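Quick note: to get the working numbering, add 211 to the position in the sequence shown (first position is 1).
Even for Gly, the Cβ is constructed at its ideal location relative to N, Cα and C.
In this text, all values refer to a predicted model and were calculated from it rather than measured experimentally.
Below is one structure, written out as structure tokens; comments come after it.
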Amino acid sequence: MKRSIYLLLGVIFLLSSCYEEPLTKAVITVYNTQGEVVSGAEVTLSQDDMGPGVNQTNIIDIKTSDMLGQTEHLFKLESIMNVDAVLYGSVGDTIQSGHTVIRLTRGKTEHKEIEISPY
């Protein structure tokens, strides 16, 4: 009987210590003005400075969009983030950019689309 209790307590302890907080994920898809996905765009997620007395992460995450025009950003906490996308032309004479905001909910995957247009 004692052995069963110790075994049960051991299993409960192991299961509770293995729990990991789910990550918060943002999936950003970049489109141009024709509605086509854009690969190679630099996507930045960041927060504005909220001032003194506000607890914020001050995280900046920069990724490049893949062939599907998407970037994935992982965070530990929920937040409201600015999303900026920039695509530099191959010759360097054209710049396309866009801006939006995304609200990240703890433990969930949020999807956001951003349209870039000539600057």
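Practice problem: Please work out which residues of its chain come closer than 6 angstroms, Cβ to Cβ, to histidine 284, disregarding the five sequence neighbours upstream and downstream, and give them in chain order. | Solution: Within the sequence shown, the letter at position 73 stands for residue 284. For histidine 284, where only same-chain residues beyond five positions count, the Cβ hits under 6 angstroms are Ala237, Leu256, Asp272.
Quiz item: Looking at C-alpha atoms only, which residue of Ser290, Val241, Pro329 is the closest neighbour of leucine 234?
Solution: Here residue 234 corresponds to residue number 23 of the sequence shown, with the count starting at 1. It is Ser290.
Quiz item: The beta strand (DSSP E) spanning leucine 285 covers which residue range?
Solution: Locating residue 285 in the sequence shown gives position 74, counting from the first residue. Segment 281-286, the beta strand (DSSP E) holding leucine 285.
Quiz item: When we look at the beta-carbon of glycine 251 and count the other beta-carbons within 10 Å, is it buried (16 or more) or exposed?
Solution: Counted from its first residue, the sequence shown places residue 251 at position 40. Result: exposed.
Practice problem: Below 7 angstroms CB to CB, which residues in the same chain sit around threonine 305 once its five sequence neighbours on both sides are set aside? | Solution: Here residue 305 refers to the residue found at position 94 of the sequence shown. Excluding residues within five positions, the ones whose Cβ falls inside 7 angstroms are Pro329.
Quiz item: Are the beta-carbon atoms of glycine 309 and glutamate 321 separated by less than 8 angstroms?
Solution: In the sequence shown, residue 309 corresponds to position 98, counting from 1. In the sequence shown, residue 321 corresponds to position 110, counting from 1. For glycine 309 and glutamate 321, no; Cβs fall outside 8 angstroms.
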